[in-house]
Structures are given as C-alpha cells and as structure tokens.
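Counting from 12, one number per residue, gives the positions in the sequence shown under my numbering.
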Amino acid sequence: MRVKSGAYTRRRKKDVFKLAKGYYAKLGSAYRQAKQQVLRSLKFQYVDRKDRKNVFRRLWITRINAAVRQSGLTYNKFISLLKSANVKLDRKILAYLAVEEPQVFNQIVEFVKTFSNKKDKNSVQTSL
C-alpha cells in the first residue's frame with residue numbers, strides 16, 4: 012500500500028516558510044533555500060543569545076569606567092576598593108547609577124575613596 016505524506020510535508024514546509032517570512036528573494040519562497048537559511052538563522056540566534064551577556068558586560072564596564080575616571084579613579088582600582096569595602100552592587104546596577112543617577116554614583120565613589128584612605132593609613136602604620 013502506498014503511503015502519502017502530503018499533510019505532514021505541507022505542515023513541515025509551512026513551519027519553515029513561517030520562520031523564513033521576510034527573507035530576501037528565494038530565501039523566503041523556495042523551500043530548500045528557505046530551510047537552509049532558517050537553520051543558519053537559528054544557529055546565529057543561539058550563538059548571539061550567549062554572546063549578548065558578554066556584550067552587555069563590556070558596555071557596563073565601559074560606562075562605569077567613564078564615570079569613575081571623572082572622579083580620578085580607574086575602573087580596576089574602583090572595583091578592587093568596592094570589594095574590599097564589601098559593597099555588594101553588581102556592574103549592571105553600577106552602570107545604571109552612573110548613567111541615570113550620577114549623584115548617587117558619586118556618593119558611592121566618595122565612600123569607596125574614604126575607605127581607600129583608611130586602608131592606606133592602616134598599611135603605612137603596620138609597615139612602620
């Protein structure tokens with residue numbers, strides 16, 4: 012007995028064309044090209060979802076660095092002092108504060124600077 016696969020094939024192709032909607036020329040209208048392009052697009056989507064985390068982290072670091080340098084510190088020194096001052100704010104929050112709430116961010120920077128001065132005095136006293 013002959014097995015016909017019309018309904019299954021139609022559904023499968025319909026799903027591919029739905030994902031390929033808006034693609035240029037035959038990439039959106041010819042099944043074979045559309046299928047290849049959809050697989051390629053899905054691969055890029057997966058990789059870029061993973062890469063987005065790194066992109067945002069770099070953006071946050073850049074924003075924090077720009078804001079901290081106005082106060083005379085470097086990003087590296089600032090993060091080091093934050094950790095030693097036991098401040099539990101992450102880079103995302105710090106970048107938001109640097110852009111949207113500069114007064115609050117400057118207060119954090121000043122707090123960290125005072126902690127830095129205390130730390131420097133302690134290290135001088137212990138070395139004598």
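Cβ coordinates follow ideal geometry from the N, Cα and C atoms, glycine included.
- Note that the C-beta distance between residue 49 and residue 27 is below 8 Å.
- Distance between residue 109 and residue 118, taken at the CA atoms: about 11 Å.
- Around the beta carbon of residue 67, fewer than 16 other beta carbons sit within 10 angstroms, so the residue counts as exposed.
- Scanning the region 49-127 from its first residue to its last, the whole alpha helix (DSSP H) runs of 4-plus residues come out as 86-95, 102-111.
- Distance between residue 55 and residue 61, taken at the CA atoms: about 10 Å.
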